[in-house]
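Structure first, commentary second.
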Amino acid sequence: MNFLFNIDFKTVFGEELVLNVIMAGKTAHYRMTTVDGLRWSYGLRLGEKELDNVSSFDYFYSVDRDGNYSYREWLTVTHRLELAARQARKYVVYDKWNAMPEDAYLYSSAFTDCINHQQVTSVGCSDYARTVRLKVRAPQLREGERLALIGAGNTLGGWEAANALPMVQHAINEWIVDLDADACEDGELEFKFIVLGGQADVAPLWETGLNRTVQLPALKKGDVVVYELAQAFFELWNRKFAGTLVPVFSLRSKDSFGVGDFGDLKKMVDFVAKTRQRVLQILPINDTTTTHTWTDSYPYSCISIFALHPQYADLNALPPLKDDEARERYKALGEELNALSQIDYERVNDAKIAYLRLVYEQEGAEMMKSEAFKEFFAETEQWLVPYAQYCFLRDKYGTADFLQWPDSQVWDERERKALSTPRNKAYKEVEFYYFVQFVLNTQMRGVHDYAKSRGVVLKGDIPIGVNRYGCDVWMEPKYFNLSEQAGAPPDDFSVNGQNWGFPTYNWDEMLKDDCAWWVRRFQNMSKFFDAYRIDHVLGFFRIWEIPVASVHGLLGQFSPSLGMTREEIGNYGLNFQEERFTEPFITDWVLDRMFGERAGEVRDTYLDRIDGERYRMKPEFDTQRKLEKVFEHATVQEDLWLRDGLYALISDVLFVRDRKNPELFHPRISVQFDFIYESLYDNDKYAFNRLYNDYFYRRNNQFWYREAMKKLPKLVQATRMLVCAEDLGMVPDCVSWVMNELKILSLELQSMPKDPKVRFGHLSRNPYRSVCTISSHDMPTLRQWWDEDLERTQDYYNSMLYRGGAAPHPLPGWLARDIISRHLTSPSMLCIFSIQDWLSIDDNLRLPDQNAERINIPANPKHYWRYRMHLSIEDLMANDSFVANVTELISQSGRK
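Structure (structure tokens):
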């Protein structure tokens with residue numbers, strides 16, 4: 001079979017186009033030819049053996065520059081060629097370059113699989129001697145709608161909609177029709193595309209613009225000419241949807257076992273669907289178990305990017321225990337734990353693991369022989385086997401710190417065979433962990449399928465970091481920098497910055513294999529979700545990297561970033577004094593102001609004098625980690641205050657030295673609030689501020705743009721999930737450039753506007769490609785925020801809500817409803833509220849104590865994540881007044 005591919009694409013000198021054909025899971029590359037740098041072609045011949053049992057194949061175009069890969073088309077949806085003409089001997093294809101479209105979100109599984117429920121079908125075979133095939137993308141079509149062709153002449157229906165030619169959706173949002181070239185009049189086609197509804201009495205919708213025309217070439221018998229046409233556009237408005245954010249662990253049903261589980265998640269899907277919402281967003285559900293204590297409750301510190309947390313197993317969906325005594329005992333324990341107002345993380349997890357072991361002992365042998373388990377094991381073996389061994393060794397040695405494990409400080413790939421062979425002793429030792437993950441994966445996939453059937457988009461969360469003692473680091477340490485810690489610079493959540501404790505990524509190593517680790521991670525997520533939130537997307541541009549010896553985040557620096565030389569610093573008019581500016585600024589006046597009557601104690605115990613003016617920390621106290629150890633048992637407030645003061649002394653520097661090149665320097669973040677800045681002359685303060693603003697807001701923009709574009713395009717196109725990003729914090733200009741280029745939805749909070757000139761964001765200015773919300777898991781709820789700062793609330797009440805007089809406190813339900821209503825009418829595609837904020841509109845349903853609704857406090861790295869809904873999902877759904885209230889708000893806003 002002969003194929004001639006043609007495409008118009010303007011190149012520059014040194015560039016050439018490459019045709020990439022995907023068949024049998026492999027990609028073949030063919031360099032195309034051109035005579036003018038614009039019209040490219042390639043003649044491909046495929047034999048019967050290559051086309052055996054092949055009804056279609058996919059392909060894409062890429063550009064090589066000077067013999068090396070440069071860039072390529074949008075790969076979320078590639079070109080597809082159907083081999084559906086029986087008499088075909090030659091295909092002549094006229095393509096268009098497939099760039100990422102502005103409406104790329106319509107190609108996401110969130111729209112195609114959940115909202116529009118589009119079905120892709122194969123094209124039936126035609127018997128035409130000569131065939132004209134038309135292909136067009138029409139992503140705007142909604143559930144029950146189909147595309148048709150109508151045009152001039154009898155062959156195309158004579159412009160009568162009743163005679164329109166039906167088309168077939170043969171690929172995601174792409175429609176196709178075959179025409180008999182012998183029946184085409186005058187060698188020219190004039191036509192339009194129309195949308196037909198599922199009901200006969202619905203008028204067809206015609207595409208906008210002028211009529212399309214195609215001049216047909218001379219065709220021989222057996223020729224098939226394929227035209228890929230520009231996308232069809234229709235006068236259809238952008239759709240907007242509402243949703244709910246709630247962590248799985250926070251869910252409560254009458255059947256829960258003290259914590260939300262995947263069974264509860266399915267019930268929450270029902271609530272979302274009943275109230276005409278379309279999105280259910282959750283926090284990460286990965287396993288976080290390192291200590292088997294409440295400190296593992298932090299869901300963003302996963303030990304595996306693939307494994308799910310055992311606490312989410314729905315015990316009700318498992319075979320019942322045959323032991324009557326055990327069954328009754330666990331039934332009573334479940335009721336006791338479920339009655340608690342908050343999660344007892346340790347008791348719940350200990351009980352669930354023990355219960356799962358009983359089910360494993362009772363049912364495991366048969367379940368592990370099933371075809372379903374064999375398929376699961378084959379699909380997940382790459383990560384499942386090391387994860388199970390990691391869990392076994394963690395529990396065997398009583399620590400997740402694998403550096404303390406004898407002879408097992410890194411994953412040994414040679415152990416895989418023994419751990420994968422059921423008759424082997426090593427397999428039996430880890431089989432329970434296989435069983436648990438099989439149960440969890442089966443249940444979560446069931447929830448995903450159920451959500452799609454109800455038209456609900458499940459939105460997951462991808463944490464930016466992983467636990468430094470987790471399985472991912474143990475298995476592939478080359479991808480991580482263990483000498484550094486990831487965090488965030490100071491913000492409204494934490495004046496000292498956030499230190500998450502995660503290792504930073506070795507991007508140089510990750511880029512060597514095209515970010516395969518990340519691609520696997522995203523593809524695994526797509527088994528459970530149709531949309532996802534990229535946690536701290538700024539980390540793909542640069543991460544706030546903190547020395548491992550630091551507790552706070554103030555001594556961090558962006559990595560990668562362009563450090564400054566001594567000469568550059570001097571060019572701003574600041575006389576660079578290296579020792580004074582890079583060592584802690586400790587003087588008598590600083591000590592007296594900071595420690596008061598305890599200044600003498602600090603001098604004698606913790607400091608060495610350098611000269612008549614300055615001091616330095618004694619070697620045994622010269623890092624925050626050393627001081628943390630000294631004060632680890634301190635409980636008296638005065639001692640904690642002393643510790644924090646000593647922390648502040650250590651971070652009181654004007655510049656931090658670049659950790660890769662000691663000849664480069666970075667201005668210390670937020671140093672304007674510290675004593676060393678206060679000690680500068682006014683002209684030096686002016687020079688430093690000019691340098692500071694240039695460094696943090698301008699110097700690295702192009703550099704960070706290039707860094708992000710090395711990584712994010714690969715990840716965004718790894719799946720068809722809808723991509724949303726958390727882009728809050730210290731956001732450089734280049735972030736919006738990349739997000740717009742890759743069509744990633746931004747996060748918009750009225751209380752944290754991206755425009756520095758306003759105190760509150762204007763909801764009407766939200767971009768369509770955005771997620772609008774009021775609060776997140778890291779923030780106070782709407783009710784808490786309302787009472788945090790009375791002056792700010794009053795300003796918001798008058799200037800944003802346009803209400804006169806004094807703002808009422810606490811926030812009444814009617815006013816919470818008004819605030820939510822205003823957010824719902826914003827232009828944002830998605831408007832997602834936390835379950836606490838939804839409940840705030842009903843004075844009778846919400847918790848009396850608003851502070852009990854808080855999920856996380858970022859300033860506290862040891863926060864206990866234990867918030868649970870105080871109402872069961874069943875009771876919530878049975879409350880007709882609340883359901884009607886939410887449904888009315890959504891309906892009035894036009895979100896559906």
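Just so you know, we're using the UniProt record's numbering here: the sequence shown kicks off at 1 and counts up by one. For every residue, glycine included, the Cβ atom is placed at its ideal position computed from N, Cα and C.
Between the region 212 to 228 and the region 240 to 250, do three or more beta carbon pairs fall short of 8 Å? no
So for Trp-814, helix, strand or coil by DSSP? Translated into the one-based positions of the sequence shown, residue 814 becomes position 814. Reduced to three states, the DSSP call for Trp-814 is helix.
Assign His-292 to one of three DSSP states: helix, strand, or coil. In the sequence shown, residue 292 corresponds to position 292, counting from 1. Residue state, collapsed to three classes: coil.
For Gly-151, does the count of other Cβ atoms within 10 angstroms reach 16, so buried, or fall short, so exposed? If you number the sequence shown from 1, residue 151 lands on position 151. Classification of Gly-151: buried, given that the 10 Å Cβ count is 16 or more.
Kindly list the residues whose CB is nearer than 6 Å to the CB of Gly-37, restricted to its own chain and excluding five residues on each side of it in sequence; keep chain order. Numbered from its first residue, the sequence shown carries residue 37 at position 37. For Gly-37, where only same-chain residues beyond five positions count, the Cβ hits under 6 Å are Thr-11.
Euclidean distance between Cα positions of Glu-174 and Gln-140: Looking up residue 174 in the sequence shown gives position 174. Looking up residue 140 in the sequence shown gives position 140. Roughly 11 Å between the two C-alpha positions.
Decide if the region 274 to 291 is in contact with the region 229 to 243; the criterion is three or more beta carbon pairs, one per stretch, under 8 Å apart. yes
Is the CB-CB distance between Ile-285 and Tyr-312 below 8 Å? For this step, residue 285 is matched to residue 285 along the sequence shown. For this step, residue 312 is matched to residue 312 along the sequence shown. Yes, Cβ-Cβ distance for Ile-285 and Tyr-312 is below 8 Å.
Confirm, please, whether the CB-CB distance from Phe-528 to Arg-445 is below 8 Å. Numbered from 1 along the sequence shown, position 445 holds the residue referred to as residue 445. Numbered from 1 along the sequence shown, position 528 holds the residue referred to as residue 528. In contact: Arg-445 and Phe-528 (Cβ atoms closer than 8 Å).
Do the region 10 to 27 and the region 57 to 72 make contact, defined as three or more Cβ pairs closer than 8 Å? yes
Element boundaries [alpha helix (DSSP H), containing Asp-58]: Counting from 1 along the sequence shown, the entry for residue 58 is found at position 58. Note, Asp-58: premise wrong, no alpha helix (DSSP H); beta strand (DSSP E) at 56 to 65.
Rank Ser-826, Asn-766 and Ser-751 by C-alpha distance to the C-alpha of Asp-789 and give the top, closest one. As a first step, residue 789 must be located in the sequence shown, where it is residue number 789. Looking at the Cα atoms, Ser-751 is the closest of the given residues.
Reference Ile-569; option with closest CA among Val-457, Arg-668, Pro-812 and Ala-687: Sequence index remark: in the sequence shown, residue 569 carries index 569 (1-based). Closest option to Ile-569, Cα to Cα, is Ala-687.
Would you mind listing the beta strand (DSSP E) stretches within the region 30 to 117 that are 3+ residues and don't spill past its ends, in chain order? 39 to 45, 56 to 65, 68 to 72, 79 to 82 and 90 to 95
With three or more beta-carbon pairs closer than 8 Å as the criterion, would you say the region 542 to 558 touches the region 483 to 493? yes
Quick one: is Trp-814 buried, meaning 16 or more other Cβ sit within 10 Å of its Cβ, or exposed? For the purposes of this step, residue 814 is taken as residue 814 along the sequence shown, with counting starting at 1. Exposed is the call here.
Should Lys-407 go down as buried or exposed, given a rule of 16 or more other Cβ atoms within 10 Å for buried? For this step, residue 407 is matched to residue 407 along the sequence shown. Note that residue 407 is Asp in the sequence shown here, rather than Lys. By the neighbour-count rule (16 or more Cβ atoms within 10 Å), Asp-407 is not buried but exposed.
Determine, using beta carbons only, whether Asn-856 and Asp-778 come nearer to each other than 8 Å. If you number the sequence shown from 1, residue 856 lands on position 856. If you number the sequence shown from 1, residue 778 lands on position 778. Yes. Within cutoff.
Where does Gly-573 land, buried or exposed, given buried means 16+ other C-beta within 10 angstroms? Taking the sequence shown and counting its residues from 1, the one referred to as residue 573 is at position 573. With fewer than 16 Cβ atoms within 10 Å of its Cβ, Gly-573 is classed as exposed.
Closest residue to Glu-583 among Phe-558, Phe-675, Val-120 and Arg-603 (Cα-Cα distance): Along the sequence shown, read from residue 1 onward, the residue named residue 583 stands at position 583. Measuring from the Cα of Glu-583, the nearest candidate turns out to be Phe-675.
Spatial neighbours of Ile-543 in its chain, beta-carbon cut-off 6 Å, leaving aside the 5 residues before and after: Translated into the one-based positions of the sequence shown, residue 543 becomes position 543. The answer, listed in chain order, is Ala-486, Thr-504 and Ser-559.
Decide if Leu-196 is buried, meaning its Cβ has at least 16 other Cβ atoms within 10 Å, or exposed. Mapped onto the sequence shown, residue 196 falls at position 196. The residue is buried, with at least 16 neighbouring Cβ atoms inside 10 Å.
I'd like to check one pair, Phe-703 with Leu-562: are the Cβ atoms closer than 8 Å? Working through the sequence shown from its first residue, we reach residue 562 at position 562. Working through the sequence shown from its first residue, we reach residue 703 at position 703. Taking 8 Å as the Cβ cut-off, Leu-562 and Phe-703 qualify as a contacting pair.
Hey, out of Val-359, Ala-203 and Val-456, whose CA is closest to Val-269's CA? The residue labelled residue 269 in the question sits at position 269 within the sequence shown. Out of Val-359, Ala-203 and Val-456, Val-456 has the C-alpha closest to the C-alpha of Val-269.
Tell me the DSSP bridge mates of Phe-193? One-based indexing of the sequence shown puts residue 193 at position 193. Partner(s): Leu-149.
Mind reading off the beta-carbon distance from Ala-91 to Val-226? Whole number of angstroms is fine, and I expect it under 8 Å. The residue given as residue 91 occupies position 91 in the sequence shown. The residue given as residue 226 occupies position 226 in the sequence shown. Checking the sequence, you will find Tyr at residue 91 rather than Ala. About 6 Å separates the two Cβ atoms, so the contact holds.
If we count the other Cβ atoms within 10 Å of its Cβ and call it buried at 16 or more, is Leu-511 buried or exposed? Locating residue 511 in the sequence shown gives position 511, counting from the first residue. The residue in question, Leu-511, is exposed, as its Cβ has fewer than 16 Cβ neighbours within 10 Å.
Around the Cβ of Gly-600, are there at least 16 other Cβ atoms within 10 angstroms (buried) or fewer (exposed)? The count along the sequence shown starts at 1 and reaches residue 600 at position 600. It is exposed - the Cβ of Gly-600 has fewer than 16 other Cβ atoms within 10 Å.
Span of the alpha helix (DSSP H) around Cys-471: Working through the sequence shown from its first residue, we reach residue 471 at position 471. Start and end: 471 to 475.
Proximity winner among Gln-717, His-633 and Phe-392, relative to Arg-520 (alpha-carbon distances): On the sequence shown, position 520 is the one that residue 520 refers to. For the residues Gln-717, His-633 and Phe-392, the minimum Cα distance to Arg-520 belongs to Gln-717.
Please work out which residues of its chain come closer than 7 Å, Cβ to Cβ, to Arg-31, disregarding the five sequence neighbours upstream and downstream, and give them in chain order. Stepping through the sequence shown from its first residue, residue 31 is reached at position 31. Counting only Cβ-Cβ distances below 7 Å, and skipping sequence neighbours, we find Glu-16 and Val-18.
Assuming Asp-535 and Lys-714 form a contact by the criterion Cβ under 8 Å, report the distance between their Cβ atoms to the nearest whole angstrom. On the sequence shown, position 535 is the one that residue 535 refers to. On the sequence shown, position 714 is the one that residue 714 refers to. Not confirmed; about 18 Å, so no contact.
I think Gly-124 touches Ala-181, with their Cβ atoms under 8 Å apart; what is that distance to the nearest whole Å? On the sequence shown, position 124 is the one that residue 124 refers to. On the sequence shown, position 181 is the one that residue 181 refers to. About 18 Å; that fails the 8 Å criterion.
Helix, strand or coil: how does DSSP classify Arg-614 here? As a position in the sequence shown, residue 614 is number 614, starting the count at 1. The answer is strand: DSSP assigns Arg-614 an E or B state.
Taking C-alpha atoms, which residue in Asp-127, Gln-409, Tyr-433 and Gly-805 lies nearest to Ala-388? Translated into the one-based positions of the sequence shown, residue 388 becomes position 388. Nearest of Asp-127, Gln-409, Tyr-433 and Gly-805 to Ala-388, Cα basis: Tyr-433.
DSSP three-state assignment for Gln-404, whether helix, strand or coil: In the sequence shown, the residue the question calls residue 404 occupies position 404. Three-state DSSP puts Gln-404 in a helix.
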